[in-house]
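In what follows, a single structure is set out as structure tokens and then discussed.
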Amino acid sequence: MWRLDLRMERYQRTYMPIVTCWKCGNVYAADEYTKKAIVACWKCGAKTRVENVGGGWELKPVGAFVDSESVHELLKEIEPISSKMTEVERIRLIEAAKCLLIGAYTACESMCYDALVSVLRRVYGGQKELGYYVQKMENDPDLKNVGRAIAYFASKRHEVDHPERVSNKLEAKNALNMTKQLIKEILTKKARAKGCVF
Ligand SMILES: [Zn+2]
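Per the numbering used here, residue -9 is the first one in the sequence shown, and the count goes up by one each step.
Written as structure tokens, this is what we have:
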């Protein structure tokens, strides 16, 4: 009787597919029944993320893979205003979050500044750099709630305008947090104050 049960259960389980290593081309069978896993090539050690999506198998190199739920978690505060952002700004913030997750901290900071400058150019006009807009924000009565974030960027603007250093994890985290706060405040306040200029 138990044999039958076992067979039924096996039938319902999903076998992992044959994986072709994205790095060395080695073809191997992943010995698991799960629908989602990270498997390692026995020849070169490169990892592949294997997931059953709608009956088909998706294989993604783990070296270039960032969990989309983690990205979503990092950006959830700005989701309500994402329709007020341009595609370029949205994608830059998504890339900033991805960079933070994989440890590309300097790139994360760069992406944050680019997204912020893009928003600031739309709101205040001109094609200036961050330093110019920090002054604009400091003098903007609408933005007094985010004085701390503005001060943060004021302290960073020299480093941003003159890229002579690399960032660590804390700096990247701070940059992303402050960028989110500022963009959220600016787009909420400015869209209301100016009757949606964008
Ligand atoms: Zn391999």
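Note that CB positions come from ideal geometry on N, CA and C, so glycine has one too.
In the displayed model, residue 42 falls within a strand according to three-state DSSP. DSSP, reduced to helix, strand and coil, places residue 142 within a helical segment of the structure shown.
Taking a 10 Å sphere around the C-beta of residue 28, we find fewer than 16 other C-beta atoms and assign the residue as exposed. The closest CA to that of residue 36, considering only 52, 88 and 90, is found on 52. In the DSSP annotation of this structure, the continuous segment of the alpha helix (DSSP H) that includes residue 81 starts and ends at 77 to 92. Taking 7 Å as the cut-off, one finds no heavy atom of ligand 1 near enough to the beta carbon of residue 20. Three or more beta-carbon pairs separated by less than 8 Å are not found between the stretch 118 to 133 and the stretch 90 to 102, which leaves the two stretches without contact. Assignment of residue 10 by DSSP, reduced to helix, strand and coil, places it in the strand class.
For residue 48, the three-state secondary structure derived from DSSP is strand.
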